[in-house]
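So the sequence lines, in the order shown, correspond to chains G and X. Its first residue numbered 195, the first sequence is counted upward by one per residue in the numbering used here. Its first residue numbered 187, the second sequence is counted upward by one per residue in the numbering used here. For each residue, glycine too, the CB sits at the ideal point set by N, CA and C.
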Amino acid sequence: MSLGAGTARYFDGRTSARHEVRLELAPHALVILDRDGAIIDQWSYVRLKHLSAPDHIFRVGLRKNPVLARLEITDMQLAHEIDLLAPDIDRTGASARKIRRRAIGWAALAAATMVLSAIYGVPLLADRLAPVVPRGFEQRIGVATNAQIRGMLDKGPPGRPFECGEAAVEQAGRAAFQKLVRQLEATSNLRMPLTVSVVRRPEANAFALPGGYVYVFQGLIDKAENVDELAAVIAHELGHVAHRDGMRAVLQGAGLSFLFGMMLGDFVGGGAVVLAARTILESAYSRNVENAADRFGVRVMLALGADARALGRFLQRISGDTPGGFTILLDHPTARERAAAINAMAPPQSRGVALLDPYEWAALKRICAGYRT
Amino acid sequence: MASFDAGGLATAPGPIDRQTGNVRFLGQDAPYWRILVRGAVLLMVTLGIYRFWLITDTRRFLWANTEIDGESLEYSGTALEILLGFLVAIALLVPLYIVFFLGALGVGTAGPMTGIAVVALAIIGQYAVWRARSYRLTRTVFRGLHFHQTGSGLHYAVCVLFWWAMMALTLGLAYPFAQASLERFKLGHTHYGDLPGRFEGSAVQLLLRGLPLWFVIVAPTLIALSALLAVDWAQIGQIMRAGRSTSDILGRIGAQAPEFYGAIGLFVVALGFAVVAAIVLFPAFQTIVMRWWVSGIRFADISATSQLRMFDVYKAYLRFLGYLFLFALAMLIVAFVTFAMIGIVFGTSDQSKFAEMFTILAMVGLYVVSALGLSTIYQATAKLWVWRLTAQSAVLSDVSLLHRVKGAGEPGSPLGEGLADALNVGGL
Chain G
195 MSLGAGTARY FDGRTSARHE VRLELAPHAL VILDRDGAII DQWSYVRLKH LSAPDHIFRV
255 GLRKNPVLAR LEITDMQLAH EIDLLAPDID RTGASARKIR RRAIGWAALA AATMVLSAIY
315 GVPLLADRLA PVVPRGFEQR IGVATNAQIR GMLDKGPPGR PFECGEAAVE QAGRAAFQKL
375 VRQLEATSNL RMPLTVSVVR RPEANAFALP GGYVYVFQGL IDKAENVDEL AAVIAHELGH
435 VAHRDGMRAV LQGAGLSFLF GMMLGDFVGG GAVVLAARTI LESAYSRNVE NAADRFGVRV
495 MLALGADARA LGRFLQRISG DTPGGFTILL DHPTARERAA AINAMAPPQS RGVALLDPYE
555 WAALKRICAG YRT
Chain X
187 MASFDAGGLA TAPGPIDRQT GNVRFLGQDA PYWRILVRGA VLLMVTLGIY RFWLITDTRR
247 FLWANTEIDG ESLEYSGTAL EILLGFLVAI ALLVPLYIVF FLGALGVGTA GPMTGIAVVA
307 LAIIGQYAVW RARSYRLTRT VFRGLHFHQT GSGLHYAVCV LFWWAMMALT LGLAYPFAQA
367 SLERFKLGHT HYGDLPGRFE GSAVQLLLRG LPLWFVIVAP TLIALSALLA VDWAQIGQIM
427 RAGRSTSDIL GRIGAQAPEF YGAIGLFVVA LGFAVVAAIV LFPAFQTIVM RWWVSGIRFA
487 DISATSQLRM FDVYKAYLRF LGYLFLFALA MLIVAFVTFA MIGIVFGTSD QSKFAEMFTI
547 LAMVGLYVVS ALGLSTIYQA TAKLWVWRLT AQSAVLSDVS LLHRVKGAGE PGSPLGEGLA
607 DALNVGGL
């Protein structure tokens, strides 16, 4: 009994020869016959699979077939009859679309998971890992980063030392600076060798690197009105060293570039998304870290009996002239927010302990005086 | 029921006729646009994970609609296969990535570690390109048989790196020799069933055809660079340091080193000329290389010739530019409306975080839409058209040999494709 019949092109999968064959639709299988009516093969309907082909050809193969035998049917009525008999063939593409929709759903879920692990997972992992990274390893990273950063920052003419405190007129300033740093360090319990340098850069800035390297810019010392303001900034940077924030940033950067760089692949425009996501996320991580360093700085200043509110005042003064931008791109919280948080922690002080005497402070202000800037 | 129209199981071999066969491309623009536009949207939604399905869809379309001697190709690869290949590749690359990361930290990124890592990644990348090619070939089915590739991926990767170095050293003059050598390697290891492929394109021929283009682009570039070299930079540096203001510096340069302005002018003009020439001549370059490449392909006694016309390729690119212009116009309007809306909703003076967030989201979104749109338009116009033109203009000799090929070769693993994807070296 035949449910239908017609002609087709047949490739047996062993040679490239093209055979014109006759198809008969038996109840359970597609029977392929040669021109003499001999049976070449029988393809069970349940194993039939629809293959990609141009629009005017209905191409089918056999699932789990060791060779790539193919039938090509141009008679669309016959194709329709086979479609009705074979459970896995749907020429309308409805079941393919269903599978595709499920795949897209999973992909969207995977994308959401990746975004969530970038926002919450990566910083959490970095927080857990940073404290257990051996200090010796952090110091090695510090040496490498330090050499690189120093090379990037030193824009001075050849022959002028980048670091202040070397020239004869700067020696007294350096002694005062070291005295100040020693007092702060003694209160901080860093468990890491500390290298604090004053360098010839006009900006009012300071930062800490992995491995206990702290840089204070000449611009910051110029802008500081008293020793407490400078001391508070250094205490804040010691907070970064104590919390191993440099190490944490390195781990976070690696985690983010792995997540976004490798897993997402570089679809067109993806590069920009990765950059934007990294910038925003790293800024967000960094804002929390800055608040923690502020709290550390306040505790150190209070322990020394110095004016802990100096940091907030100083920050507000020097940030007054910075141009406004996107605050979610800022890696530091706004000065106003920070000052408020600092004031909430530190009681107002009328008369603090002097960390340096007036002569030492005057010398410190001239720590970079040896060279014209 | 026993009368059949034509053919028969034992197709009569007959005497070998020197018959020629045509290549046709049947695909229309509209369905390809649909695949690409839907793909672009889903790429955004899935942060790029949809690329495995998109690449499979585009290959299916291109393969199925390419007809050689009356039989269309079939791409039998699946998205799931490449996705799994990608995941395995990631698993293999993670340890390597960690080693490089730690190495870079330990030695400092400027150290020799960077060089080693770059070379190693380039080799792995080209190895992946080779394996991905193997995957594509074994998933290309024609007349019930698939293609396959033999040969060592590492050997190929080393050859590629060697030719890259040669091209850099000769300012691109080695390009024809690199292409010829690499194509000989690739096609020499390509088989259709038991039919071995080879490549017979002549490097000298390509060099002679491409030489005028090379001169038009490289000569002005060299002039631009020599203009910069002619400047006494030490003197300019001194003037810069001594100068008090910009106008002061400019005045001093005019007085002390007047040739500086001439040199900079020459640099800008020559480099600008080179860049414009490179853009304008790109379709011509592509035509020359395509024609040369197709005409060099051989499978046993079957040879291909290409009559690809430069004029047609230029038309394809002009079409691309036309679509691009319309798209750019549309994007400008969308950008204007978006930012105007943000301005109206949040006001200009308000420093709220929401306004910022929306602005940044809008900026990133517009950028992504522009980039994806650009790539979609390029693929649906220039790329599809060049594919179609290349196919339509190819003629094959002795195609009757295609009827007597025996199957051979094992299917390749999708790992190469996944590795290529993870390293961003994937191709079509």
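Quiz item: Once you ignore the five residues that flank R212/G on each side, which residues in its own chain have a CB closer than 7 Å to its CB?
Solution: R203, F205
Quiz item: What whole-angstrom Cβ distance do L240/X and L233/X have, given they're in contact under 8 Å?
Solution: Between the beta-carbon of L240/X and that of L233/X there is about 13 Å, and that puts the pair past the 8 Å contact cut.
Practice problem: Step through the CB atoms of chain G and report whether any lies within less than 9 Å of the CB of I546/X. | Solution: Interface annotation, I546/X: in contact with chain G, CB-CB separation under 9 Å.
Quiz item: Is the CB of G593/X under 9 Å away from at least one CB in chain G?
Solution: yes
Quiz item: Is the distance from the Cβ of H341/X to the Cβ of P597/X below 9 Å?
Solution: no
Quiz prompt | Span separating the alpha-carbon of K414/X from that of P398/X | solution = Before going further, note that residue 414/X is Leu rather than Lys in the sequence given. Using only the alpha carbons, I get a separation of about 25 Å.
Practice problem: Assess, as a yes-or-no matter, whether the region 487-495 of chain G is touched by the region 430-437 of chain G under the definition of 3 or more beta carbon pairs within less than 8 Å. | Solution: Touching, yes, given that three or more Cβ pairs across the two stretches are closer than 8 Å.
Practice problem: Measuring only between beta-carbons, confirm whether W219/X sits less than 9 Å from chain G. | Solution: no
Quiz item: What residues are listed by DSSP as bridge partners for P217/X?
Solution: Bridge partners of P217/X: none, in fact.
Quiz prompt | Rounded straight-line distance, which links the Cα of P328/G to that of H346/G | solution = First, the amino acid is wrong: residue 346/G is Met here, not His. Distance from the CA atom of M346/G to the CA atom of P328/G, rounded to whole angstroms, is 27 Å.
Quiz prompt | Local Cβ density within 10 Å of L197/G, reported as buried at 16 or more and exposed below that | solution = exposed
Quiz prompt | Span of the beta strand (DSSP E), counted from its first residue to its last, around E253/X | solution = 252-254
Quiz item: Is the shortest distance between the beta-carbon of G207/G and the beta-carbons of chain X less than 9 Å?
Solution: yes
Quiz item: Using DSSP with H/G/I as helix, E/B as strand and the rest coil, what is A463/X?
Solution: helix
Quiz item: Comparing the C-beta of P517/G with each C-beta of chain X, is any distance below 9 Å?
Solution: At P517/G the pLDDT is 44, less than 50, meaning the model places this residue with poor confidence; the figure from the coordinates comes in the next sentence. No, P517/G lies away from the interface with chain X (no Cβ there is under 9 Å from its Cβ).
Exercise. Look at W316/X and G604/X and say whether their C-beta atoms are less than 9 Å apart.
Key: no
Quiz item: Is there at least one Cβ from chain X nearer than 9 Å to R294/G's Cβ?
Solution: For R294/G, the answer is yes, since a Cβ of chain X falls inside 9 Å of its Cβ.
Quiz item: Taking a cut of 9 Å between CB atoms, which residues from the region 339-372 of chain G lie near chain X?
Solution: T339, A341, Q342, G345, P351
Quiz item: Run through DSSP, which three-state label would G200/G get?
Solution: strand
Quiz item: Which of the three DSSP states, helix, strand or coil, is assigned to D230/G?
Solution: coil
Self-check item: Per-residue burial, H377/X [other beta carbons within 10 Å of its own, 16 or more giving buried]
Solution: buried
Exercise. Could you pull out every residue in the same chain whose Cβ sits closer than 6 Å to the Cβ of A568/X, ignoring the five residues on either side in sequence?
Key: A502, Y503, F506
Quiz item: Are the beta-carbon atoms belonging to A443/G and A504/G less than 9 Å from one another?
Solution: no
Quiz item: Should I298/G be flagged as near chain X, meaning a C-beta pair shorter than 9 Å?
Solution: Cβ-Cβ to chain X under 9 Å: yes for I298/G.
Quiz item: Between the beta-carbon of E266/G and the beta-carbon of A290/G, is there less than 9 Å?
Solution: no
Practice problem: Measure the C-alpha to C-alpha separation of I512/G and V483/G and round it to an integer number of angstroms. | Solution: Put simply, the backbone Cα of I512/G is about 20 Å away from that of V483/G.
Quiz item: Would DSSP call E587/G helix, strand or coil?
Solution: Residue 587/G lies beyond the residue range present for chain G, which begins at 195 and ends at 567; the question has no answer from this structure.
Quiz item: At a cut of 8 Å, does the region 347-354 of chain X reach the region 224-238 of chain G through at least three beta carbon pairs?
Solution: no
Quiz item: Would a check of beta-carbon distances place L378/G closer than 9 Å to chain X?
Solution: With a threshold of 9 Å between beta carbons, L378/G makes no contact with chain X.
Quiz item: What does a CB cutoff of less than 7 Å around F459/X pick up in its chain, not counting 5 residues either side in sequence?
Solution: Counting only Cβ-Cβ distances below 7 Å, and skipping sequence neighbours, we find P406.
Quiz item: Which whole-angstrom value describes the C-beta separation of P387/G and T339/G, a residue pair presumed to lie in contact below a C-beta threshold of 8 Å?
Solution: That belief does not hold up - the Cβ atoms of P387/G and T339/G are roughly 15 Å apart, past 8 Å.
Practice problem: Find the residues of chain G that neighbour W620/X, judging by a C-beta separation of less than 9 Å, and give them in chain order. | Solution: The structure shown does not extend to residue 620/X, since chain X is modelled only from 187 through 614, so no value can be given for it.
Quiz item: Rounded to the nearest angstrom, how far is the Cβ of R210/X from that of E253/X, given a contact under 8 Å?
Solution: 4 Å
Quiz item: Going along the region 272-286 of chain X in order, which residues come within less than 9 Å of chain A, judged by CB to CB distance?
Solution: Considering every chain present, this structure includes no chain A. Its protein chains are G and X.
Quiz prompt | Of the residues F363/X, L282/X, L248/X, V402/X, the one placed nearest L222/X, counting alpha carbons only | solution = L248/X
Exercise. State the DSSP-derived secondary structure class of R216/G, mapped to helix, strand or coil.
Key: strand
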